[in-house]
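Protein chains: 2
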Amino acid sequence: MAVGLSDSLPVLHPVAGIRLAVASAGIRSGKIGRNDLVLIELAGGAACAAVFTRNAFCAAPVVVARRHLEHSPLYLLINSGNANAGTGAAGLAAAEHSCAAVAKLAGCRAEQVLPFSTGVIGEPLPVERIASALPALNASLAADGWPQAARAIMTTDTVPKAVSRQLEIEGCLVTITGIAKGSGMIHPNMATMLSYVATDAAIDRVLLQQMLQRAVDQSFNCITVDGDTSTNDACVLMATGVSAVRVSKGGHAAAEFQAALDAVMCELAQMVIRDGEGATKFMTIAVTGGRDEAECRRVADTVALSPLVKTAFFASDPNWGRILAAVGRAGVVDMDLQRVVIHLGDVCIVRDGGRAASYTEAQGAAVMKQQEITVSIDLGRGQARAQVWTCDFSYDYVKINAEYRS
Amino acid sequence: MAVGLSDSLPVLHPVAGIRLAVASAGIRSGKIGRNDLVLIELAGGAACAAVFTRNAFCAAPVVVARRHLEHSPLYLLINSGNANAGTGAAGLAAAEHSCAAVAKLAGCRAEQVLPFSTGVIGEPLPVERIASALPALNASLAADGWPQAARAIMTTDTVPKAVSRQLEIEGCLVTITGIAKGSGMIHPNMATMLSYVATDAAIDRVLLQQMLQRAVDQSFNCITVDGDTSTNDACVLMATGVSAVRVSKGGHAAAEFQAALDAVMCELAQMVIRDGEGATKFMTIAVTGGRDEAECRRVADTVALSPLVKTAFFASDPNWGRILAAVGRAGVVDMDLQRVVIHLGDVCIVRDGGRAASYTEAQGAAVMKQQEITVSIDLGRGQARAQVWTCDFSYDYVKINAEYRS
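Quick mapping for you: the protein sequence lines, in order, are chains G and H. Counting from 1, position 158 in the first sequence corresponds to residue 170 in my numbering; the numbering is continuous, with no gaps. Counting from 1, position 17 in the second sequence corresponds to residue 29 in my numbering; the numbering is continuous, with no gaps.
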């Protein structure tokens, strides 16, 4: 079960100017069953920003969505069950076809539809099944469709992931509501981290893209389960402008909105880790005292990705030697072991080049029993910092990834 | 059980000018039991080269051995059961003390003794136990001690690892015999990859170091189990010069010797992978068609280290999507998916941007059943190549690393 999460969703405030609908199109099996198709409609004049996977082999829908993003999107079409990745020219045609089908129904241009897919790699996308489901989907668009959408985009996720916040800016209520899926960062097979966040504030596209990038850098770009990134990752931020609040660059409103957006995306990103494949522990790796952020991040990533560290956490083993060795191989030039201080929770485990004199195994074991653990690493050579969130490495990680597809 | 290896050792030819002895010093538990101490004696005038871990936090014996290497080493003292790592100033003193104890017995200088340790990190090295065992150890030095030494340096290894070759150079017989330990590249906890290789050829120290570096680059530097490198890794090459053969730079003899040395080290390195923690499969990741060796190596490492790829191999699942996605995130600039061709054994699985048209799941499954599998990845953009050896990721990897110490 996901660390600190449950199957129930919080209240998800509708976002004025956004309507959603879900349907079962039988995408994977051909049989109608769980919902696997989501349509999101944006009010005319809404701004839309997005970031996509950096994997060189991105899926067909990513290629198409990236291109369509320039054309003032009015619809997002998301399917689960099939990633439409590694599908060559036919895959691109399939993604274009789905967009055209939405456009025909809705009376817009195909370029105003962004396609997203998540699921098995390398299988042809069954466009005809999607097309058949579209009329009913289009007819059932509603402002309160967020919870159903959060569930319909799930693949190997064990719980739906959604966050909703309201804040007052210049005396007006502004809503931010978002959903995400992903259970592991990330499965190239049952692929993908996807997230859709919307607000009713008015924000122009250029600023919206900057705000999204900043929020992503501090949230989805700070999580890792296994270091594997997907061919389909995407995060979309929509601003309908239906509320009376305009957020402009550099203003007070922008700072307030950015802070709220950061918080929403951060919570969504952490949910992905809490539901990481086989996760039994949620770990924060916080590195301070580096010369620059890049070296702090390198240390945090190395510790977070070390299979030896991750299995030790699964075993609740306060194995400080593994953490120290991971710090040591992170490639930080001229690191001085004597200055490195490592804490497990509040307990100092490494100081003066080895195990802290004050440390006892009982202290370490007490921290390790917890489900949520912070590892703090002070490099003692500067003022920079970075942190990442990750989960442990359990039998179930191997089980899920070895048995999936079999 | 290790892939393709057994507990029995091949014939290990003695190397003229090298004597070895083993003893049980009860290093870990204080109780006399399995052998955990090895002394290797070099004939006067022998040359000695070594490469060590690049981990910024290297263990005390590595610091001392690196310093002593300049002083014409006559003895190597190796203990298993305790890594003497993360032990601060006391650890350095302990390593120096063991060298001094050997020197006193043998009548040489302490600087002529190289210390090596492998085992648990962060525990004080019990120097007195080592010192007590030394007189008997010194008295039992013998030329045929290689098999016992191969077993005494083991920690989590399931089988001993040794290779011996003889070749004729300029009409004279030359012997190369070597041993290695390591079961995972590498355990920072029950730490370390160690290897000791000796020859009776005469080779000056500078050339010997170059030859060692080249052999290591093509062997131990091409293996990976989990990406974790140890604080204690070391590989030593000794040339006693007792045979009549002199190997000089650039000569025909040098080429022949290097080829034989490369083969010996390659076999030792592969043995470490075959005995990788929890390994059920031995995989060669061969990348060709890159613009330079560095990008080929980056792709090979990314595939070899991907937990998703490794668990798929454990499950015998021909999951080409995971391999493709790992290639895609290796950070190769401007990679063109359309030109990438991937083979699993002899079966083409990826071509023209997706699953090869000729591919069938049955073909992939047939290859996946084998214990030794080559993944060939042609990037289609140049002439460079690189390859690494790795193993799969099984329940037992998690078990070994989660339960060790508990």
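For glycine and all other residues, C-beta sits at the position ideal for the given N, C-alpha and C.
Check                                                                                                                         : Outcome
Host beta strand (DSSP E) of Gln178(H) (start-end)                                                                            : 173 to 181
Chain-ordered neighbours of Phe69(H) on chain G, where CB pairs are closer than 9 Å                                           : Leu336, Ala337, Val339, Gly340, Arg341, Met347, Leu349, Val352, Gly365
Simplified DSSP assignment, three categories, for Lys381(G)                                                                   : coil
Three-state secondary structure (DSSP) of Val76(H)                                                                            : helix
Nearest-angstrom Cβ-Cβ length linking Gly103(G) and Trp332(H), presumed shorter than 8 Å                                      : Wrong, their Cβ atoms sit about 15 Å apart, outside the cutoff.
Segment contact, 8 Å Cβ cut-off, at least three pairs: the segment 53 to 60 of chain G with the segment 164 to 183 of chain G : no
Where Tyr407(G) meets chain H, residues with beta-carbon distance less than 7 Å                                               : Tyr407, Val410
Cβ-Cβ distance between Ala374(H) and Leu280(H) below 7 Å                                                                      : no
First and last residue of the uninterrupted alpha helix (DSSP H) at Ile133(H)                                                 : Here Ile133(H) belongs to no alpha helix (DSSP H), and DSSP marks it neither H nor E.
The segment 203 to 219 of chain G / the segment 252 to 261 of chain G touching (three or more Cβ pairs under 8 Å)             : yes
Other residues of its chain near Thr386(G): CB distance less than 7 Å, five sequence neighbours each side excluded            : Thr296, Ala298, Gly357
Helix, strand or coil at Arg286(G) [DSSP, three-state]                                                                        : helix
Selection from Asp19(G), Gly302(G), Thr402(G), Ile215(G) that minimises the alpha carbon distance to Asp390(G)                : Gly302(G)
Members of the segment 95 to 119 of chain H near chain G, C-beta cut-off 9 Å                                                  : Ala95, Ala97, Gly98, Thr99, Gly100, Ala101, Ala102, Gly103
Beta-carbon proximity check, Leu24(H) vs Trp158(H), cutoff 7 Å                                                                : yes
Short Cβ contact (7 Å threshold) for Ala265(H) with Val259(H)                                                                 : yes
7 Å Cβ cutoff met for Asn94(H) and Leu117(H)                                                                                  : no
Within-7 Å CB hit, Ile165(H) to chain G                                                                                       : no
Beta carbon proximity, Asn413(H) to chain G, threshold 7 Å                                                                    : yes
Any chain G beta carbon closer than 7 Å to Phe326(H)                                                                          : yes
contact_flag[the segment 176 to 183 of chain H, the segment 18 to 33 of chain H] where n(CB pairs < 8 Å) is 3 or more         : yes
Simplified DSSP state of Ile215(H), which is helix, strand or coil                                                            : coil
Contact list for the segment 384 to 403 of chain H against chain G, Cβ threshold 9 Å                                          : none
Reference Ile1(H), options Ala291(H), Trp401(H), Phe64(H), Arg309(H), closest by Cα                                           : The structure shown does not extend to residue 1(H), since chain H spans only 13 to 418, so no value can be given for it.
Neighbourhood of Ser318(G) by C-beta distance below 6 Å, restricted to the same chain and skipping five residues each side    : Ala338
Chain G contact for Gly134(H) (CB, 7 Å cutoff)                                                                                : yes
Ile142(H) vs Ala37(H) beta-carbon contact at 7 Å                                                                              : yes
Chain G residues whose Cβ lies nearer than 8 Å to that of Ser242(H)                                                           : Ala337
Nearest-angstrom beta carbon gap, Asp404(G) and Lys322(G) [assumed within contact, 8 Å]                                       : 5 Å
Cβ of Thr323(G) within 7 Å of any chain H Cβ                                                                                  : yes
Three-state secondary structure assigned by DSSP to Ile44(G)                                                                  : coil
Test item: CB-CB of Gly100(H) and Gly288(G) under 7 Å                                                                         : no
Euclidean distance between Cα positions of Ser418(H) and Gly16(H)                                                             : No answer about Ser418(H) holds up, because its pLDDT of 35 lies below 50 and its placement is not dependable.
Three-state class that DSSP yields for Ser144(H) in the structure shown                                                       : helix
Separation of Ile285(G) from Ile412(G), as counted between CA atoms                                                           : 15 Å
Residue range of the alpha helix (DSSP H) that includes Glu307(G)                                                             : 305 to 317
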